[in-house]
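Residue numbers (this note's numbering): 380 to 629.
Written out below as structure tokens is the structure these notes cover.
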Amino acid sequence: MTTTAATTADLTTQGQALTVTGLTVQYGGVRAVDGIDFTVEAGQAVGVIGSNGAGKTSTLKALMGLIPRKLTSLQLGDKDLSRVKARDMVRHGIGYVPEGRHVFAGLPVEKNLLLGAYAKPWNAHTRTAVDEVYELFPVLGEMRHRLAGALSGGQQQMLAIGRALMAQPSVLLLDEPSMGLSPKLVGEIARVLQRLSAQGLTMLLVEQNAKLTFDVTSTCLVMENGKVAMTGTSTELSHDSRVRQIYLGL
Ligand code: ATP
Numbered sequence: 380m381t382t383t384a385a386t387t388a389d390l391t392t393q394g395q396a397l398t399v400t401g402l403t404v405q406y407g408g409v410r411a412v413d414g415i416d417f418t419v420e421a422g423q424a425v426g427v428i429g430s431n432g433a434g435k436t437s438t439l440k441a442l443m444g445l446i447p448r449k450l451t452s453l454q455l456g457d458k459d460l461s462r463v464k465a466r467d468m469v470r471h472g473i474g475y476v477p478e479g480r481h482v483f484a485g486l487p488v489e490k491n492l493l494l495g496a497y498a499k500p501w502n503a504h505t506r507t508a509v510d511e512v513y514e515l516f517p518v519l520g521e522m523r524h525r526l527a528g529a530l531s532g533g534q535q536q537m538l539a540i541g542r543a544l545m546a547q548p549s550v551l552l553l554d555e556p557s558m559g560l561s562p563k564l565v566g567e568i569a570r571v572l573q574r575l576s577a578q579g580l581t582m583l584l585v586e587q588n589a590k591l592t593f594d595v596t597s598t599c600l601v602m603e604n605g606k607v608a609m610t611g612t613s614t615e616l617s618h619d620s621r622v623r624q625i626y627l628g629l
């Protein structure tokens with residue numbers, strides 16, 4: 380085992396399959412998500428790409444129970460989460476990095492991380508997990524006493540990911556982690572997500588940045604108008620001429 384895998388092991392254990400069927404979101408007359416089905420296998424990283432308004436963010440918010448939705452089933456491993464309230468989802472193993480980060484701006488970096496572990500009993504592992512987040516994102520360690528609101532956008536994104544990892548999620552949902560970041564920072568986030576995936580973290584990554592998604596995931600769904608228009612391995616889709624034209628601008 381490499382040093383890297385050993386030092387972040389506490390953040391990436393307990394992966395479980397997430398299975399969703401019949402997920403529908405309706406905003407008044409707009410059907411934003413139209414009865415989609417998908418599975419993220421334990422230890423797998425699955426991407427969801429699609430243009431503006433395709434229904435990606437609504438899919439994640441609906442899975443978390445943050446917006447009204449209909450679904451046939453929502454399973455994490457052998458647990459039925461279809462009736463679990465949003466506030467209890469983290470405790471049941473679903474980690475969520477929302478679009479726009481939403482860090483606690485008035486609290487120090489380290490306090491933000493510790494709050495990410497609120498659903499777990501605090502013990503020696505909590506401290507280890509904080510150190511593992513600093514190992515993944517050294518800049519957060521350097522800034523541990525700074526208020527989160529004083530961090531750059533990229534640093535806040537790292538903090539949002541670190542905070543979600545503190546709960547040792549069975550599956551991590553990420554909503555557009557590249558949004559508003561420079562290409563260099565997008566590359567940094569990609570490297571960390573690749574590393575977490577290589578360590579077995581189960582992940583559902585929603586992105587407009589198709590290149591980042593193909594680099595990080597093994598399988599992708601392409602959403603169009605609330606439906607899953609295509610699925611395939613990330614390698615296959617990255618070579619598909621229509622996907623290349625629409626989502627990679629090639
Ligand atoms: P983006 O990448 O721009 O975030 P998206 O693929 O995540 O797009 P959603 O944000 O899920 O797409 O939006 C799907 C559809 O639902 C769009 O037509 C959008 O205008 C609509 N929509 C989203 N949120 C609301 C809302 N709160 N009220 C009404 N319509 C909404």
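Ideal placement from N, C-alpha and C gives every residue a C-beta, glycine not left out.
Since this is a predicted model, take the numbers as computed values, not measurements.
Residue environment, residue i, which counts as buried when at least 16 other CB atoms sit within 10 Å
i: V409; result: exposed
i: S549; result: buried
i: Y497; result: exposed
i: T381; result: Residue placement at T381 is flagged as unreliable, the pLDDT there being 40, under the threshold of 50; a coordinate-derived value is accordingly withheld.
i: G407; result: exposed
i: N588; result: buried
i: E521; result: exposed
i: S617; result: buried
i: T391; result: buried
i: D457; result: exposed
i: Q459; result: For the record, residue 459 in the displayed sequence is Asp; it is not Gln. That one is exposed.
i: T610; result: exposed
i: R621; result: exposed
i: S561; result: exposed
i: S531; result: exposed
i: Q423; result: buried
Presumed contact (8 Å Cβ cut-off) between residue i and residue j, rounded CB distance
i: L634; j: M545; result: The chain is shown from 380 up to 629; residue 634 falls before or after that span and cannot be answered.
i: T438; j: V412; result: 5 Å
i: A527; j: V482; result: 4 Å
i: G474; j: G605; result: Not confirmed; about 25 Å, so no contact.
i: G426; j: T614; result: About 12 Å separates the two Cβ atoms, so there is no contact after all.
i: L453; j: V399; result: 6 Å
i: L539; j: R466; result: The amino acid occupying residue 539 in the given sequence is Ala; Leu does not appear at that position. Between R466 and A539 the Cβ distance is about 18 Å, and since that is not below 8 Å, they are no contact.
i: G541; j: L564; result: About 15 Å; that fails the 8 Å criterion.
i: R448; j: P487; result: 35 Å between Cβ atoms; not a contact.
i: E603; j: G429; result: 6 Å
i: A396; j: T418; result: 6 Å
Spatially closest choice to residue i from the options, by CA coordinates
i: E586; options: S576, A577, G559; result: G559
i: R470; options: G485, D510, A424, P500; result: P500
i: Q573; options: A508, T403, L515; result: L515
i: A421; options: P447, A441, G432, G394; result: G394
i: R525; options: C599, R506, Q578, G485; result: G485
i: K590; options: Y626, Q578, T598, P556; result: Y626
i: G533; options: S597, N431, S557; result: S557
i: Q535; options: A577, L583, V476; result: V476
i: T612; options: E567, D510, M468, S597; result: S597
field: 3 or more residues per run - each beta strand (DSSP E) lying fully within the region 530-561
entry: 550-554
message: Give me the pocket residues for the ligand ATP, defined as CB within less than 6 Å of any heavy atom, sorted by chain position.
response: Y406, V409, A411, G429, N431, G432, A433, G434, K435, T436, S437, Q587
- request: For the region 460-516, list the beta strand (DSSP E) runs that are entirely contained and at least 3 residues long, ordered along the chain.
  value: 473-476
- prompt: Can you list the alpha helix (DSSP H) stretches of 4 or more residues lying completely in the region 571-621, in chain order?
  reply: For the region 571-621, the full-length alpha helix (DSSP H) segments reaching 4 residues or more read 589-595, 613-618 along the chain.
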